[in-house]
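Comments concern the structure below.
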Amino acid sequence: MEEIDIYLDTAKEMMESALQHTKDEFAKIRAGKAMPGMLDGIEVEYYSTMTPLSQVAGVTTPDARTLSVKPWEKAMLQEIERAIINSNLGFNPQNDGEQIRINIPPLTEERRLQLMKQVKAEAEKGKVSIRNARKDTNESLRKLDGVSEDLVKNAEDDVQNLTSTYSGKIDSLVDIKEKDIMTI
Numbered sequence: 496m497e498e499i500d501i502y503l504d505t506a507k508e509m510m511e512s513a514l515q516h517t518k519d520e521f522a523k524i525r526a527g528k529a530m531p532g533m534l535d536g537i538e539v540e541y542y543s544t545m546t547p548l549s550q551v552a553g554v555t556t557p558d559a560r561t562l563s564v565k566p567w568e569k570a571m572l573q574e575i576e577r578a579i580i581n582s583n584l585g586f587n588p589q590n591d592g593e594q595i596r597i598n599i600p601p602l603t604e605e606r607r608l609q610l611m612k613q614v615k616a617e618a619e620k621g622k623v624s625i626r627n628a629r630k631d632t633n634e635s636l637r638k639l640d641g642v643s644e645d646l647v648k649n650a651e652d653d654v655q656n657l658t659s660t661y662s663g664k665i666d667s668l669v670d671i672k673e674k675d676i677m678t679i
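Counting along the sequence shown from 1, when you hit position 106 you're at 601 in our numbering, and nothing is skipped either side.
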């Protein structure tokens, strides 16, 4: 039935969105290797407007332990440095007058365990979003008029299969991230 298919498609879109959000959050969790994406959440005041760092500077990784931030305008160096320090990412930027270098220290065992807790918390948020999508879809399916109980039950089974699939995908992401973080 067409109405049921629309609800199933919507549920799949919501679950895909939750998965993508979880991937994005995992990308922000550093695993001891320098990655330009580590600075994605930082915003810099640029002509009285908060602007993403990537729009005012180029971020590169000259080696596995260093980030290099080169502003498009030299006058932005101080502002970028301040934004990085205030970001609470634990970075200690060095400004050489041309660019900002950030050395990524190797992770301690304690820090690795903290990062894994953070990964698991983000994964749980993703799974909660997936379960909420399931709940909302099932409630909508039950409210449909003129649809047999068997069709609704089959649709609910399909939604549960989607939920299991997307929860499994998040578990796979956790396993990959755990290997990344725990590898010395």
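By construction, the Cβ of each residue, glycine as well, lies at the ideal position given by its N, Cα and C atoms.
This one's a predicted model, so the numbers in the text were calculated from it and none came from an experiment.
| Query | Result |
| --- | --- |
| Closest residue to residue 570 among 558, 561, 552, 640 (Cα-Cα distance) | 552 |
| First through last residue of the alpha helix (DSSP H) which encompasses residue 603 | Where residue 603 is concerned, there is no enclosing alpha helix (DSSP H), given that its DSSP letter is neither H nor E. |
| N- and C-terminal bounds of the alpha helix (DSSP H) containing residue 669 | 644-677 |
| Residue 533 and residue 518 closer than 8 Å at C-beta | no |
| Contiguous beta strand (DSSP E) assignments of at least 3 residues, all confined to the segment 538-619 | 538-541, 544-547, 552-558, 561-566, 588-590, 595-598 |
| Unbroken alpha helix (DSSP H) run spanning residue 509, endpoints | 497-523 |
| At least 3 beta-carbon pairs within less than 8 Å: the segment 500-519 vs the segment 539-551 | no |
| Beta-carbon spacing of residue 562, residue 531 below 8 Å | yes |
| Beta-carbon proximity list for residue 647, same chain, < 8 Å, skipping 5 on both sides | 499, 636, 637, 639 |
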